[in-house]
Each structure stands twice: as C-alpha cells, then as structure tokens.
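Once you know that position 108 of the sequence shown is 109 in this note's numbering, the rest is easy, because the numbers rise by one and skip nothing. Using N, Cα and C, we set each Cβ at its ideal position, and we do this for glycine too.
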Amino acid sequence: METNAQTDFVDPYGWDGDLLDLDAYLHRIGYTGPLTRSRATLAALNHAHVTTFPFENLDVMAGRAIRLDVPSLQDKFVRRGRGGYCYEQNCLFAAVLERLGFTVTGVNARILGGSPDHVLRAAGHTALLIAWDDHFLFTDVGVGAVGTPEPVDLAPGRPVTHPDGRRTRLDRTDHGLWVLYSDTGAGWQTVHKFSTDRAFRADYVDANYIAQHHPRSPFHKTYLIDLFDGAVHRELRGLTVVHTGSDGARTERTLTPAAVPGAVEELFGIALSPTERELMVRRSRPISDGELMGDRS
C-alpha cells in the first residue's frame, strides 16, 4: 500500500490527548527529559512507559470492566499505580504521543507467540504507527518484554539492538503483512503480525470486550503479569514465576495459590486490596500454552 506518512495516517477521531494529565503521567514514569518532537524523545518515553507499567490482567480476572477512555486509563495507570493489557497500554501511549504533537494511528495485530508467520489467528491485539518524515515508525508497548523498547523504523529485515540489550526486527510475509520478531536469547521468535490498515479506538472498544469475555480468551482464565524493568524480566503465568536476567540467565519456580498475592506485590509493585488478595488465591491456576494463545475459531 502506497502511503504518505504525514497525511494518510492522520487519525480524524484522535486519541483525546487533550484530556491527559501529562505532568502526572510523566511523574509516574519518572521522565524529566525534553518533550521536543524528536526520535530521542520518542525512545525515552517509550522505554520509560514499558519499564514502568506491567502488562497485567488483574481487573479482567476481578470482573471489572476495562475502559479505554483517557480519564479511566489515567486513573488506573497513573493514580492507582497499575498496568494493563494491550488495548489499555497502547491507547494510553497514543494519547501521550498525540498530546506532544506526534501523528499516531493504531493497527490491528494477530498474536503468533512463536508460531510460524503463516499461521492465521484472529486480530486480537493492537500496536501503533507513528508518522515520521516520509515513512513510519512502529511500536508496541502492550505485549510485555517482547515488545519494542523504543519505536523502530517500519522497514523489513533490519535487526535493532536496543539500549537495554533487547533485540527486535520487522519483516514481511508473502501476503504483505508485517511480522514483529523478538530475540529471546534462544533465537528469533515471532511475536505477532499486522497490517498497516488504520484501526481506531472504536475498533478497540469492541475487541477489548471480546478479550474480556470470549470463552477462549486467556485473560479471564488465570493471572498474567509481565514486566521488564531494564535489567530483569519478571513474568507470572498462572502459578509459574520466571526471572530472566540481563545476562540471559533464567530461573523458574512454581508457586502455591496462597503465595501468588505476595509474589505479585513483591515482584511487580502492585498494591492489592484484601479482596483482591483473596480472589487471587482462589483463581490462580496453571495455564497451558494453548490457553495462552487464546485461539478463536
């Protein structure tokens, strides 16, 4: 598809960046640098966002509605010190970028999770494109440690080594879709594939509802939390905690349900209410790779 980065991808409906309490957001992520329209600003904000906010599904597990409007995202992420999953994370970051004068649009993605790029799954994920001169930058702050620590050029086959040591690359499929790869230390792994067709927040509202309620969605089956703080990758999948250090050393341990709330507070800095702790003990359980993929057919 032939496009002009500065005109074709202007989102006429926007991300309500004017409703964002930008100072509170910047304080939450610990960012004090310049806010000029530059690659350095984009990279620094992107990295601060993904190392501050965990990917997590606690509200889905608690049966709370996930809202994508800016005031709700601001309250959850900034004021309540929480994180969220892809729709929340990328909608919030899009509002931040829009507020700072960047032209940003959403795209739909299809999670692969290591599967070959020809595998077709439902479009149940979101990512962002940022107009930059005569091309686009790509970022995804809503897929945990295998996402992009900073926006990368939308160009195929160019591995990028990020300042924190992570490596990503983009490539094309035979059908013209883009694939995000992450270097897991054991080789390149597919993360998801996406098209450059525009998606709007209205699209994500419906997809967000499906992610919360579809019987095969992994998000209401057990607890899923992921955070890379710039040095250590911490992950909770059901009853399994995985630590991966900057040197690639990996440790894995299995928790009892009673130990999960304490691990969540200690490892991810998420403050839990007594009710949340009780619910977490009752609902924590192992989850299989098949359930994690959330295949819908």
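- Distances from the CA of W189 to each of A25, G18 and D172 were compared; the closest alpha carbon is that of D172.
- Relative to the Cα of I271, the nearest Cα in the group T104, L46 and R81 belongs to R81.
- With respect to the C-alpha of W133, the residue from E292, E253, D141 and G102 having the closest C-alpha is G102.
- In this structure, the straight-line span from the alpha carbon of E57 to that of T276 is close to 17 Å.
- For N47, no pairing in a beta bridge is given by DSSP.
- For the pair N47 and T185, the Cα-to-Cα distance works out to about 20 Å.
- The continuous beta strand (DSSP E) containing D172 extends over residues R168 to R173.
- With contacts defined as CB atoms closer than 9 Å, H50 and V142 qualify as a contacting pair.
- Shown here, A272 sits in coil according to DSSP, grouped into three states, outside any helix or strand.
- Taking 9 Å as the cut-off, the Cβ atoms of T174 and K194 count as close.
- Restricting attention to E89, L59, P55 and F54, the CA atom closest to the CA of R68 is found in E89.
- With a cutoff of 9 Å on beta-carbon distance, T241 and H234 are scored as not near each other.
- Residue environment: G263 is assigned as exposed (fewer than 16 neighbouring CB atoms within 10 Å of its CB, all protein chains considered).
- Contact check for A95 and V105: beta-carbon distance about 5 Å, within the 8 Å limit, so the pair qualifies.
- Non-local beta-carbon contacts of Y182 in its own chain, meaning distances under 7 Å to residues more than five positions away in sequence, involve T169, R170, D172, W189, Q190, T191 and V192 in chain order.
- A residue is called buried when at least 16 other Cβ atoms come within 10 angstroms of its Cβ; T257 does not meet this threshold and is exposed.
- Less than 9 Å divides the Cβ of M294 from the Cβ of G114.
- Taken in chain order, the whole beta strand (DSSP E) runs of length 3 or more contained in the region 107 to 145 are 126 to 133 and 136 to 140.
- Separation of E253 and A260 (C-alpha to C-alpha, rounded to the nearest whole angstrom) is 15 Å.
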